[in-house]
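**Student:**
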Ligand SMILES: *Cc1c(COP(=O)(O)O)cnc(C)c1O
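Numbering (the numbering used here), first residue to last: 54 to 440.
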């Protein structure tokens, strides 16, 4: 039979990494040892105790039935407790928290819940690609504002024309930021909240890296800004903080009416998150201090290794101790793509070219810290040798 992809699928931006993927696959097929510093997917396992809770709850037939789209009480309460302990934010677990199948699902769900075809959606560049893709899927128009190094990768609200400010429906952004690793302070969140309130724009702050950090900085929540709960939701995830990317569990917190609408959408699409996973996630959140400390100590060692190696190669990087990435400038004479390609061809090392995250990422590349110390050292040594 003849079939065609939907217009929405066909309208996705081209996958820039496709050419690099092809080269990786060819090299691996030839038995070559390619080291990837490309993907942000923790190499460490989830805690054994959390796995234990999953196994126990998976054995309970009660949990084999459809979950509620609005989640288990024990999970919602664990999120509220975490937000209270970690950010000093009071949430009503009944009305201001909902589980998601990861923050990624939340980005897409939010788009389908609130955005109409033809609406404008404000997104940053460079950025996590899912904001743009979800916008396109919902039939809306991405309005891109740049993140610039000279502004510490904080966007400038003045880059949003008053015409667009009046029309835009949603703004997506994230600090600690993927890919740049930049963080922001409460004043920045306040400015965004005031702008959103004034212009009736729904804020979707994605705090997936709230607890991957070391040394002196402690990321905050968008909900720390006074009027933020009027204006939107924050997404958060167990993926990066607890090494649970494969489990598909995250949550949205914030404006109770928006949370209710999100639940209404989910009831009609996915019916919510497996209860056993919610029990396990609740136990992880209750011990977040222990688990995030263990992870962050490991990332800290790796981050220091990368920074030191880049300094040795005279490669400029953005100095931050947040997220699980280092964002660096490509050396003179290269573009993001040509540098990544050269490293792959000559050193068998994969880094993510910055333009993969949008045109303002051109001139940069991203190294992920989700690989063990020996392999990371090997990769850095190889890069040093070919430069
Ligand atoms: C990794 C990542 C996510 C994905 O989180 P899941 O909870 O696994 O869906 C969301 N947002 C950003 C910015 C990320 O880097």
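Beta carbons: idealized from backbone N, C-alpha and C, even for Gly.
Compute the distance between the beta-carbons of residue 254 and residue 305, then report whether it is under 8 Å.
**Tutor:** Cβ distance not < 8 Å, so residue 254 and residue 305 don't count as in contact.
**Student:** Would you decide whether residue 319 is buried or exposed? Buried here means 16 or more other CB atoms lie within 10 Å of its CB.
**Tutor:** Residue 319 should be labelled buried.
**Student:** Return yes when the Cβ of residue 213 is within less than 8 Å of the Cβ of residue 257, no when it is not.
**Tutor:** For residue 257 and residue 213, no; Cβs fall outside 8 Å.
**Student:** Given a cut-off of 8 Å on the beta-carbon distance, is the pair residue 184 and residue 231 in contact?
**Tutor:** Cβ distance not < 8 Å, so residue 184 and residue 231 don't count as in contact.
**Student:** For the segment 250-336, list the alpha helix (DSSP H) runs that are entirely contained and at least 4 residues long, ordered along the chain.
**Tutor:** Counting only runs of 4 or more, we get 281-284 and 309-322.
**Student:** In whole angstroms, what is the alpha-carbon distance linking residue 78 and residue 405?
**Tutor:** The alpha-carbon atoms of residue 78 and residue 405 are separated by roughly 16 Å.
**Student:** Would you tell me roughly how many angstroms separate the C-alpha atoms of residue 229 and residue 55, rounded to the nearest one?
**Tutor:** Distance between the alpha carbons of residue 229 and residue 55 is about 45 Å.
**Student:** Just checking, does the segment 397-414 make contact with the segment 189-204 on the three C-beta pairs under 8 Å criterion?
**Tutor:** The segment 397-414, when compared against the segment 189-204, does touch it at the 8 Å Cβ threshold.
**Student:** Please list, in chain order, all residues of the same chain as residue 308 whose beta carbon is under 8 Å from its beta carbon, the five residues on each side excluded.
**Tutor:** Closer than 8 Å at Cβ, skipping near neighbours: 149, 282, 283, 284, 285 and 286.
**Student:** Ends of the alpha helix (DSSP H) at residue 381?
**Tutor:** It is not in any alpha helix (DSSP H) - residue 381 instead sits in the beta strand (DSSP E) that spans 378-382.
**Student:** In terms of residue numbering, what span does the beta strand (DSSP E) encompassing residue 175 cover?
**Tutor:** Its beta strand (DSSP E) spans residues 173-178.
**Student:** At a cut of 8 Å, does the segment 317-335 reach the segment 116-136 through at least three beta carbon pairs?
**Tutor:** Yes, they touch.
**Student:** Among residues of its own chain, excluding the 5 on either side of residue 269, which ones have a beta-carbon nearer than 8 Å to its beta-carbon?
**Tutor:** Excluding sequence neighbours, residue 269 sits near 374.
**Student:** Do residue 181 and ligand 1 come close, with the Cβ less than 7 Å from some heavy atom?
**Tutor:** Residue 181: yes, Cβ under 7 Å from ligand 1.
**Student:** Decide if the segment 416-429 is in contact with the segment 90-97; the criterion is three or more beta carbon pairs, one per stretch, under 8 Å apart.
**Tutor:** A contact exists between the segment 416-429 and the segment 90-97.
**Student:** Determine the direct distance from the alpha carbon of residue 345 to that of residue 380, and round the result to whole angstroms.
**Tutor:** Approximately 22 Å between the Cα atoms of the pair.
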